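S.K.: In our numbering, the protein residues as written are 43 to 313. Think of the CB as a built atom: it goes at the ideal place given N, C-alpha and C, for glycine as much as any other residue. Remember, it's a predicted structure, so these values are computed and weren't measured experimentally. The structure is given below, and queries will be raised subsequently.
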């Protein structure tokens, strides 16, 4: 045999099969990765569309929000009252709304009105109260201490104009009748239907592990004081002066597959 042909080496059957297997595995891995990338890109495109829905939600919440609570007159405690779940009140020009929150001078804590009686002949009403500044599983939500005659009552938020009823609103459950039955605020129910439908349109039906959640939180921020509007923070004894401002922080959490986005906005004075 010619020496030239004797020195040439071909690929054995085993080597060929191994190479084919490696090539097949590489193609499979490539196709799988490409499939994952396409799915992630598709989700990102969905999130871009969902961001417009979230912006609409923020705008509608801004239209709802009224941080200056109506006082309904000059409410005061009608008589010395032992700590409990109800309080007789005088000085109201109109009945407050269920869900309004109050503080009572001389009594610690913040209280939510759960019901109120019709005015009697002297325009007095009895409010049913539940403490709202303690965890939900607190066994005793009565007034923290006794209330005294003529103690001023201050409304710190109204159910109409408050964002608090939106806290922990789960928009993946907008079609869940049991979940919706637990929501008593009609405006919140209407928004749940609208927002849940809108997010479903952009993101598709929610699956296990997905999140479409709205959270409301009270926060305090220290902001510099500039009373003369000269662009420089006012000072006292050489120290910058700050004031503490309370704001509502609204967070909308959208999670689908492995992608999670948090959209956040602060609300102050209706902005």
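Return helix, strand or coil for residue 207, following the three-state DSSP convention.
M.R.: Of the three classes helix, strand and coil, the one that applies to residue 207 here is helix, per DSSP.
S.K.: Starting from the Cα of residue 120, find the closest Cα among 257, 237 and 193 and give me that residue.
M.R.: Comparing Cα positions, the closest option is 193.
S.K.: Note down, one range per segment and in chain order, each beta strand (DSSP E) of at least 3 residues found wholly within the segment 178 to 237.
M.R.: Runs of the beta strand (DSSP E) inside the segment 178 to 237: 195 to 199.
S.K.: Starting from the Cα of residue 92, find the closest Cα among 245, 189 and 160 and give me that residue.
M.R.: Per the Cα distances, 245.
S.K.: Can you tell me which of the three DSSP states residue 100 falls into?
M.R.: It is helical.
S.K.: Beta-carbon within less than 6 Å of residue 141's beta-carbon, same chain only, minus the 5 sequence neighbours each way: which residues are those?
M.R.: So the list reads 201, once near-sequence residues are dropped.
S.K.: Should the segment 138 to 155 be called in touch with the segment 175 to 195, which here means at least 3 C-beta pairs below 8 Å?
M.R.: Cβ pair count under 8 Å is three or more, so yes.
S.K.: Alpha carbon to alpha carbon, how far is residue 112 from residue 118?
M.R.: Those two C-alpha atoms are separated by around 15 Å.
S.K.: Hey, residue 241 and residue 211 are a contact pair by Cβ (cut 8 Å); roughly how many whole angstroms apart?
M.R.: Contact doesn't hold; Cβ gap of about 12 Å is too wide.
S.K.: What three-state label does DSSP hand residue 284 in the structure shown?
M.R.: Three-state result, residue 284: strand.
S.K.: If you draw a straight line from the C-alpha of residue 290 to the C-alpha of residue 107, how long is it?
M.R.: Spanning the two alpha carbons is a distance of roughly 10 Å.
S.K.: Pick helix, strand or coil for residue 276, following the three-state DSSP scheme.
M.R.: Looking at residue 276 - three-state DSSP - the assignment turns out to be coil, as it is neither helix nor strand.
S.K.: DSSP on residue 137, reduced to helix/strand/coil?
M.R.: Coil at residue 137, not helix or strand.
S.K.: Going by C-alpha distance, which of 172, 174, 165 and 234 is nearest residue 99?
M.R.: Closest by alpha carbon: 234.
S.K.: What distance in whole Å lies between the Cβ atoms of residue 115 and residue 134, which are believed to be in contact at a cut-off of 8 Å?
M.R.: Indeed they touch by this definition, with Cβ atoms about 5 Å apart.
S.K.: Would you kindly check if the distance between the Cβ of residue 213 and the Cβ of residue 365 is under 7 Å?
M.R.: The requested residue 365 is not part of the displayed model; the chain covers only 43 to 313.
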